[in-house]
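Asker:
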Amino acid sequence: MTWEDMSEERFLTLAAAYGADMARWPSGDRAAAEAFVAANPKIVEACLAAERLLDAALERYRERDAAAPLRARIIAAAPRERAAGAMWRWLTGAGLGLGLAASCAAGVAAGYTLGHPAVARLMGPALLDSGQLSAVADPAGDAAAS
Amino acid sequence: MTSGPADPDDELVRRAGQGDAAAVQALVARKLRRVLALAERMLGDPAEAEDVAQETFFRVWRNAARWRPGVARFDTWLHRVTLNLCYDRLRRRRERPVAEPPDAPDPGPAPDRGLLAADIGVRVRAALQGLPPRQREAIVLCHYQELGNIEAAGLMGVSIEALESLLSRGRRALKSALADLAGPD
Numbered sequence: 000m001t002w003e004d005m006s007e008e009r010f011l012t013l014a015a016a017y018g019a020d021m022a023r024w025p026s027g028d029r030a031a032a033e034a035f036v037a038a039n040p041k042i043v044e045a046c047l048a049a050e051r052l053l054d055a056a057l058e059r060y061r062e063r064d065a066a067a068p069l070r071a072r073i074i075a076a077a078p079r080e081r082a083a084g085a086m087w088r089w090l091t092g093a094g095l096g097l098g099l100a101a102s103c104a105a106g107v108a109a110g111y112t113l114g115h116p117a118v119a120r121l122m123g124p125a126l127l128d129s130g131q132l133s134a135v136a137d138p139a140g141d142a143a144a145s
Numbered sequence: 000m001t002s003g004p005a006d007p008d009d010e011l012v013r014r015a016g017q018g019d020a021a022a023v024q025a026l027v028a029r030k031l032r033r034v035l036a037l038a039e040r041m042l043g044d045p046a047e048a049e050d051v052a053q054e055t056f057f058r059v060w061r062n063a064a065r066w067r068p069g070v071a072r073f074d075t076w077l078h079r080v081t082l083n084l085c086y087d088r089l090r091r092r093r094e095r096p097v098a099e100p101p102d103a104p105d106p107g108p109a110p111d112r113g114l115l116a117a118d119i120g121v122r123v124r125a126a127l128q129g130l131p132p133r134q135r136e137a138i139v140l141c142h143y144q145e146l147g148n149i150e151a152a153g154l155m156g157v158s159i160e161a162l163e164s165l166l167s168r169g170r171r172a173l174k175s176a177l178a179d180l181a182g183p184d
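Going down the list, the protein sequences come from chains A and B.
Going by numbering that gives the first Met the number 0, the first residue of the first sequence is number 0, and it counts up by one from there.
Going by numbering that gives the first Met the number 0, the first residue of the second sequence is number 0, and it counts up by one from there.
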């Protein structure tokens, strides 16, 4: 890997995006960037100085430890939330099952109702002629109706 | 499907999903600080960040039992959940502007004293909050959460080039907002 594998423009882009610490740069660019630094110390210094100041300032905004009560609340809630998740999954699963069962029941009921000779008479011959009831029609009833 | 090394969190998540109390504690010890830091830097408000961290973990507990190893990294999923909750709150703020922002930081240094480390932290927090949310998100993910560029871009749903553009625009705005920190001591 030589410094020529990285253009000055790409080096400046990486510094502007990821800052002065090359450990934060994309791993695929790092070796070429280090070679570029060795070959172009003046360009690098001018470019990285401002980035280094910003990096140092960003480090002053430190994260804090989670407060003990928050930690305790989260841990204490685990069994309750786990049960809630399980219940929700059961309900949605049961809901889906019930929905399917209701659809099936409605389909059977509709088939039975439409296939019933009395209803068939009311619906008229057009429906019967269409063959839509063939799967659910009662042959005995049909014979009686005809 | 992700490739590469196995997710170091998979086993803990699986055990937490089975109700293993030790795994629950270990997961909190491993991830809470990270989730809280992400939320706090996105929202700039410690109290709201705690609410988000708590809700994030509640979602973990509710979903751990159906976690499928290999589909996504748990840490990435955790970041996504946290960010979604943060964006919900940012959206609500826009819809219902408050008279006074929470914990409004000083806009600049006090004239009669130098900048202490804590003061600089407050200035940085204010400058971060002044960024457009997507630029802030890019900087928080890459600089503070130390995600790789591929993971951060994937999480944000943008290309690497777009991520680098967000990062450089964000850093440029921060340099401008914090320019006085670079002055002579």
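C-beta: ideal position from N, C-alpha, C; glycine also.
For N148/B, count the other beta carbons within 10 Å of its own beta carbon; 16 or more makes it buried, fewer makes it exposed. Which is it?
Answerer: Counting the other CB atoms within 10 Å of its CB gives N148/B a total of 16 or more, which places it among the buried residues.
Asker: Using a 10 Å radius around the Cβ and a threshold of 16 neighbouring Cβ atoms, would you call Q17/B buried or exposed?
Answerer: exposed
Asker: Please list the residues of the stretch 62 to 74 of chain A that have a C-beta atom closer than 8 Å to any C-beta atom in chain B, keeping them in chain order.
Answerer: E62, R63, D64, A65, A66, L69, R70, R72, I73, I74
Asker: Three or more beta-carbon pairs under 8 Å between the stretch 55 to 70 of chain B and the stretch 131 to 140 of chain B, yes or no?
Answerer: no
Asker: Indicate whether the contact test is met: 3 or more Cβ pairs, each with one atom in the stretch 10 to 19 of chain A and one in the stretch 163 to 171 of chain B, closer than 8 Å.
Answerer: Segments in contact, yes.
Asker: Output yes or no for whether 8 Å exceeds the beta carbon distance between Y60/A and R170/B.
Answerer: no
Asker: On a CA-only basis, which of K30/B, R122/B, A21/B is nearest L53/A? Give me that one, please.
Answerer: From the listed residues K30/B, R122/B, A21/B, the smallest Cα separation to L53/A is found for R122/B.
Asker: Answer yes or no: does any C-beta atom of chain A fall closer than 8 Å to that of A64/B?
Answerer: Interface residue, yes.
Asker: Would the beta-carbon of V80/B fall within 8 Å of that of R58/B?
Answerer: yes
Asker: Quick one: what does DSSP say W60/B is sitting in, helix, strand or coil?
Answerer: helix
Asker: Hey, quick one: how far does the alpha helix (DSSP H) through C46/A stretch, first residue to last?
Answerer: 40 to 58
Asker: Just checking, does the stretch 63 to 72 of chain A make contact with the stretch 41 to 51 of chain A on the three C-beta pairs under 8 Å criterion?
Answerer: no
Asker: For V27/B, would you say it is in contact with chain A, using Cβ-to-Cβ distances shorter than 8 Å as the test?
Answerer: By this cut-off, V27/B is an interface position.
Asker: Determine the contact status of M21/A and A34/A, defining contact as a CB-CB distance below 8 Å.
Answerer: no
Asker: If you pair each beta-carbon of the stretch 69 to 83 of chain A with each one of the stretch 22 to 42 of chain B, do three or more pairs fall below 8 Å?
Answerer: yes
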